[in-house]
Amino acid sequence: MSERKTDQAFWRRPAIADETEAHQIEDVRQQHLLLDPRYPLDSDRDVLDPMYRSSKRYWFFFALFAGLVLMMFTTWTVQMWLGLGITGLKRPTMWALYIVNFVYFIGIGHAGTFISAALRVLKVEWRRPISRAAELVTVFGLMTAALFPLIHLGRTWKFYWLIPYPNERQLWPSFHSPLLWDLTAITTYLSCSILFAYISLLPDLAMARDHTSGWRHILYSVLALGWRGTEREWSNHETALNIFSYAIIPVMFSVHTIVSWDFAMAIQPGWHSTIFGPYFVVGALFSGAGAVIIALTIIRKAMRLQYFLRTEHLEGMAKLMLLLSFAWDYFYFNDVLVPWYGQAPVEKSLFALFASGRVAPLFYLMIFANAIVPVTLVFKRVRTSIVGLFIVSLFIQIGMYIERFLIVPVGLGQNEIPFAWGVYVPYLPESLISIGAFGLVIFLFFLISRFFPLIPSWEVYEGQVLQGLRRIGRAILPTRAEPD
Amino acid sequence: MAKNLLIGLFHEATPTADTLAQLRELGIPDDCVTVMSGIPYRPEWLGRPPVRGRVPMFALIGAGLGLVTAFVLTWGLWLLYPLNQGGQGITPVPPTLIILFEVTMLGTMWAAFVGLLLENRFPIFKSQLYDPRITEGHIGVLAEVDAELADKAEAILKANGAHHLQRVEEKYPLFARPGNLLDRLKARVTTLFGPDLLQRPFWLVVAVGIVVLLAVGAFIPYGIFPVAIPTQMEHQVSIGFQQGPRLAAPAAAVPVQGPVLIAGQPASTPYPATADSLQRGKVLYDLTCVVCHGASGDGNGRLSGFFVPKPADLTSARTQAFSDSQIFLVITQGFGAMPSLAENLDVQNRWDVINYVRSLKK
Numbered sequence: 001m002s003e004r005k006t007d008q009a010f011w012r013r014p015a016i017a018d019e020t021e022a023h024q025i026e027d028v029r030q031q032h033l034l035l036d037p038r039y040p041l042d043s044d045r046d047v048l049d050p051m052y053r054s055s056k057r058y059w060f061f062f063a064l065f066a067g068l069v070l071m072m073f074t075t076w077t078v079q080m081w082l083g084l085g086i087t088g089l090k091r092p093t094m095w096a097l098y099i100v101n102f103v104y105f106i107g108i109g110h111a112g113t114f115i116s117a118a119l120r121v122l123k124v125e126w127r128r129p130i131s132r133a134a135e136l137v138t139v140f141g142l143m144t145a146a147l148f149p150l151i152h153l154g155r156t157w158k159f160y161w162l163i164p165y166p167n168e169r170q171l172w173p174s175f176h177s178p179l180l181w182d183l184t185a186i187t188t189y190l191s192c193s194i195l196f197a198y199i200s201l202l203p204d205l206a207m208a209r210d211h212t213s214g215w216r217h218i219l220y221s222v223l224a225l226g227w228r229g230t231e232r233e234w235s236n237h238e239t240a241l242n243i244f245s246y247a248i249i250p251v252m253f254s255v256h257t258i259v260s261w262d263f264a265m266a267i268q269p270g271w272h273s274t275i276f277g278p279y280f281v282v283g284a285l286f287s288g289a290g291a292v293i294i295a296l297t298i299i300r301k302a303m304r305l306q307y308f309l310r311t312e313h314l315e316g317m318a319k320l321m322l323l324l325s326f327a328w329d330y331f332y333f334n335d336v337l338v339p340w341y342g343q344a345p346v347e348k349s350l351f352a353l354f355a356s357g358r359v360a361p362l363f364y365l366m367i368f369a370n371a372i373v374p375v376t377l378v379f380k381r382v383r384t385s386i387v388g389l390f391i392v393s394l395f396i397q398i399g400m401y402i403e404r405f406l407i408v409p410v411g412l413g414q415n416e417i418p419f420a421w422g423v424y425v426p427y428l429p430e431s432l433i434s435i436g437a438f439g440l441v442i443f444l445f446f447l448i449s450r451f452f453p454l455i456p457s458w459e460v461y462e463g464q465v466l467q468g469l470r471r472i473g474r475a476i477l478p479t480r481a482e483p484d
Numbered sequence: 485m486a487k488n489l490l491i492g493l494f495h496e497a498t499p500t501a502d503t504l505a506q507l508r509e510l511g512i513p514d515d516c517v518t519v520m521s522g523i524p525y526r527p528e529w530l531g532r533p534p535v536r537g538r539v540p541m542f543a544l545i546g547a548g549l550g551l552v553t554a555f556v557l558t559w560g561l562w563l564l565y566p567l568n569q570g571g572q573g574i575t576p577v578p579p580t581l582i583i584l585f586e587v588t589m590l591g592t593m594w595a596a597f598v599g600l601l602l603e604n605r606f607p608i609f610k611s612q613l614y615d616p617r618i619t620e621g622h623i624g625v626l627a628e629v630d631a632e633l634a635d636k637a638e639a640i641l642k643a644n645g646a647h648h649l650q651r652v653e654e655k656y657p658l659f660a661r662p663g664n665l666l667d668r669l670k671a672r673v674t675t676l677f678g679p680d681l682l683q684r685p686f687w688l689v690v691a692v693g694i695v696v697l698l699a700v701g702a703f704i705p706y707g708i709f710p711v712a713i714p715t716q717m718e719h720q721v722s723i724g725f726q727q728g729p730r731l732a733a734p735a736a737a738v739p740v741q742g743p744v745l746i747a748g749q750p751a752s753t754p755y756p757a758t759a760d761s762l763q764r765g766k767v768l769y770d771l772t773c774v775v776c777h778g779a780s781g782d783g784n785g786r787l788s789g790f791f792v793p794k795p796a797d798l799t800s801a802r803t804q805a806f807s808d809s810q811i812f813l814v815i816t817q818g819f820g821a822m823p824s825l826a827e828n829l830d831v832q833n834r835w836d837v838i839n840y841v842r843s844l845k846k
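What follows is the structure, given as structure tokens:
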């Protein structure tokens, strides 16, 4: 065989003679996952092992969150049996905590698609190991959110009246109604998010199939659909993922815009605003980014995925979250400034309520959590500290939940007729169901983490193939090859 | 002619590309060779012709189907059942655009998914020539060669450093087109619309299931399969609009037909009939009252001929017998054909006009 140039398998590390250079390279490798390749079997083992090794602590939390879910569904059953009268819903606040939860959990569902689709389109490399977890936050957030209109309905069994289908009552839902837009948008978004997550899961299912036995092998064989990784499979896979990425981003924007229209289409002071669409979208991305960080930090620790989920990924998320925090400030200011300038009496009373009324503590806590706490992310020390990020993200969740609470029941209590103003206080059933909803999202994560790989290993390996090192002067810097 | 199947595993991309080039030189067409990997190596990296998939075409068709579905859901159904709300159809343009967008995107993405399945011939549950090490990062070269070339091809794979080699003799040339062998080993290759569609039980079951669901969904609502759907409406009391018997009024209820005078109290504080008041009263009278009641107050204004009965003669004893407060109420509320002038005359103006009317007394 004649002399020829050859590349090395991506997991092979060339021996470096120079000691300084070797140290430098080791440093860069520790920082960057994509420059720190291993033999894929070792990485695969890291992904698969936690799936069938459940510690006692896992079962403890599993039982805890299963209990919360049970509590939620029991309360829901009781509410269906006794009627919505057992909740705090009364005139004028007929939309309250359930709708807050609906908006909040749909919001959670926005970051996942944004991270895996938008960052994929933009070819941002740090998305690679976190996209699966982000997609799952989307899917579970949306599933939970989709429950709340049903819970809020009271007579849940009449839900099918919303669906446009030929029926013997010869009734047809009116497309005037934003609620019908909601149904269409959420159906599209939820089903396509599941398909999107499944498509990117296919090669990982094949990987799991090749490395498992018993019932898991059968399960993964069926779900992997016979994936072998031929050229044609990969090529079509890539095309399909690209189509999904480009198509699901406008759908994502439309979903939360439509959720905002549920409010903005009503002639309710504080709701009837043209800026509500983008304002809600930004808020959703903001709280969603926080939720993804919370999920990642927990997964990283609980499933020992420190190899895959490194500081660089969390730092990337933190920068995104900081940017979204500024965007949220901007939109919130807009949302307040224009009504304030108009000096409409009811809106003035609403602002007075926020500034010095009974909800003032909530309002200031929201401003603190959403606008002030995230500013700490300008410090690298906070961005690179897992605990710090976790706390900031938790604050953002609290802040965004309060924001929705201030919009829905508090805004609704202050309508055009001062005679009919009302104060809403959540009753026990609503509180239990809301707590249970948080439990449900976490429980679904607990469940899925035993069945499906939470790291898209094929995406990581693809990144590892494409990344390399380059020397500039004394520094050794990561470089990336553009495949297209 | 018997075919042989060869599979070889490589670690690196370059020897794989060399192998592929040499296999082509040997005379094995490109569509009889495929590369399997756990990482998406682009075909052009390995010197292979690009794959032309039809997933985008599926997505486009799906978008079209979604758009049509949305039109049927909104305008189409409204044409069938013209339900109007407040004089509008149930599908005004801007909300309909939202439905069109969402359902179009739904169609696009679902069709892209279906396209991915069909283009890759998924799901494949039959055994395929494969090696689990491919998902560990190895690159597999799979070639379908004629028996007489098999030895040479095997030698090429070996020479380039394939660390695993397997050779399978295919006794039954089942395949119409050679390239398809690689996608569905030991399975019959058919196109979706080909003559042997019925031999593919999976798709047959799917298709029959969809048809049955659609048929049931379409026939039940229109009573073609009459199914008694329990509505429980027979248990509800049916009451028509304003149907009696009505409840008697509560004992303490007082019927109110607008403001009435309280005995002994004026309608509002009267203004004294000063010269200024009379002057204002005349100007206001000539603006607001004169067209009906006439300049002299005798009820012969220019519009008086249009009214039956004629406007009141303000100079008459009957009118002048009204108390000031009664006249105030008439101006405020109107009387008979006379409209309320409350918007034209404020309280003081009304007293000015009353003072002026008193001065018209014969």
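The listed protein sequences derive, respectively, from chains A and B.
When the count follows our numbering, it moves up by one through the first sequence with no breaks and lands on 484 for the last residue.
When the count follows our numbering, it moves up by one through the second sequence with no breaks and lands on 846 for the last residue.
Note that CB positions come from ideal geometry on N, CA and C, so glycine has one too.
Quick caveat: nothing in here was measured; it's all calculated off a predicted structure.
Using the DSSP secondary-structure output, state which residues sit across from residue i in a beta bridge.
i	result
Gln471(A)	Checking the sequence, you will find Arg at residue 471(A) rather than Gln. Ile476(A), per the DSSP bridge assignment.
Asp630(B)	Lys487(B)
Lys90(A)	Thr93(A)
Asn568(B)	Gly573(B)
Phe819(B)	Met822(B)
Ser521(B)	Ile623(B)
Whose CA, out of the options, lies closest to the CA of residue i?
i	options	result
Ile417(A)	Pro269(A), Ile115(A), Pro164(A), Phe368(A)	Pro269(A)
Gly143(A)	Leu454(A), Ala437(A), Glu462(A)	A quick correction: the sequence has Met, not Gly, at residue 143(A). For Met143(A), the nearest C-alpha among the options comes from Ala437(A).
Gly742(B)	Leu567(B), Leu633(B), Thr816(B), Leu829(B)	Thr816(B)
Leu447(A)	Arg470(A), Ile299(A), Leu41(A)	Ile299(A)
Phe263(A)	Gly411(A), Ser43(A), Leu183(A), Ala284(A)	Gly411(A)
Ala501(B)	Thr758(B), Ser788(B), Asn644(B)	Asn644(B)
Glu231(A)	Cys516(B), Asp635(B), Gly511(B)	Cys516(B)
Thr772(B)	Gly820(B), Tyr840(B), Pro714(B), Tyr755(B)	Tyr840(B)
Asp27(A)	Leu469(A), Arg480(A), Gly473(A)	Leu469(A)
Ile523(B)	Arg480(A), Gln467(A), Tyr461(A)	Tyr461(A)
Ala595(B)	Thr553(B), Trp562(B), Pro540(B)	Pro540(B)
Ser449(A)	Ser55(A), Lys123(A), Val121(A), Phe253(A)	Ser55(A)
Ser193(A)	Phe159(A), Ser177(A), Ile243(A)	Ile243(A)
Val255(A)	Leu33(A), Tyr279(A), Ser273(A), Ser235(A)	Tyr279(A)
Arg209(A)	Ile618(B), His648(B), Ser722(B)	Ile618(B)
Ile838(B)	Ala805(B), Ala821(B), Gly820(B)	Ala805(B)
Going along chain A, which residues have a C-beta under 9 Å from residue i?
i	result
Arg508(B)	Here the premise fails: no neighbours, minimum Cβ distance about 14 Å.
Using only the alpha-carbon positions, how far apart do residue i and residue j sit?
i	j	result
Leu296(A)	Val696(B)	44 Å
Ile249(A)	Leu195(A)	14 Å
Gln24(A)	Gln8(A)	21 Å
Ile105(A)	Val251(A)	Residue 105(A) is actually Phe in this sequence, not Ile. Whole-angstrom Cα-Cα distance: 16 Å.
Leu205(A)	Ala133(A)	15 Å
Leu682(B)	Gly693(B)	Its pLDDT being 47, under 50, Leu682(B) is placed unreliably by the model, and nothing is read from it.
Gly277(A)	Met400(A)	16 Å
Pro429(A)	Leu444(A)	22 Å
Asn568(B)	Pro92(A)	29 Å
Leu669(B)	Gln612(B)	With a pLDDT of only 39 at Leu669(B), under 50, the local geometry of the prediction cannot be trusted, and the value read off the model is given with reservation. Those two C-alpha atoms are separated by around 5 Å.
Leu323(A)	Ala371(A)	11 Å
Ser273(A)	Tyr364(A)	22 Å
Thr753(B)	Trp835(B)	9 Å
So which residues on chain A does residue i lean against when the C-beta distance must stay under 8 Å?
i	result
Leu489(B)	Those within 8 Å of Leu489(B) in chain A number zero; the least Cβ separation is about 13 Å.
Ala627(B)	Simply none; closest approach about 12 Å.
Which residues in chain B sit within 7 Å of residue i, going by Cβ to Cβ distance?
i	result
Glu231(A)	Thr518, Val519, Pro527, Arg532, Val535
By the criterion of Cβ-Cβ separation under 7 Å, what are the contact partners of residue i in chain A?
i	result
Ala637(B)	Within 7 Å Cβ-Cβ: nothing; Ala637(B) doesn't reach chain A, min ~17 Å.
Problem - Given 8 Å, three or more beta-carbon pairs between the stretch 546–564 of chain B and the stretch 586–597 of chain B - result: yes
Practice task
Evaluate the contact criterion for the stretch 94–110 of chain A versus the stretch 148–168 of chain A: three or more CB pairs, one atom per stretch, below 8 Å.
Solution key: The stretch 94–110 of chain A is in contact with the stretch 148–168 of chain A.
Practice task
Answer yes if the stretch 102–120 of chain A comes into contact with the stretch 401–415 of chain A, meaning at least three C-beta pairs across the two stretches below 8 Å, and no otherwise.
Solution key: yes
Exercise for the section: Count the C-beta pairs between the stretch 216–228 of chain A and the stretch 281–291 of chain A that are closer than 8 Å, then say yes if the count reaches three, no if not. Expected result: no
Exercise for the section: Would you check if the stretch 619–632 of chain B and the stretch 562–576 of chain B touch, i.e. whether three or more CB-CB distances between them fall below 8 Å? Expected result: no
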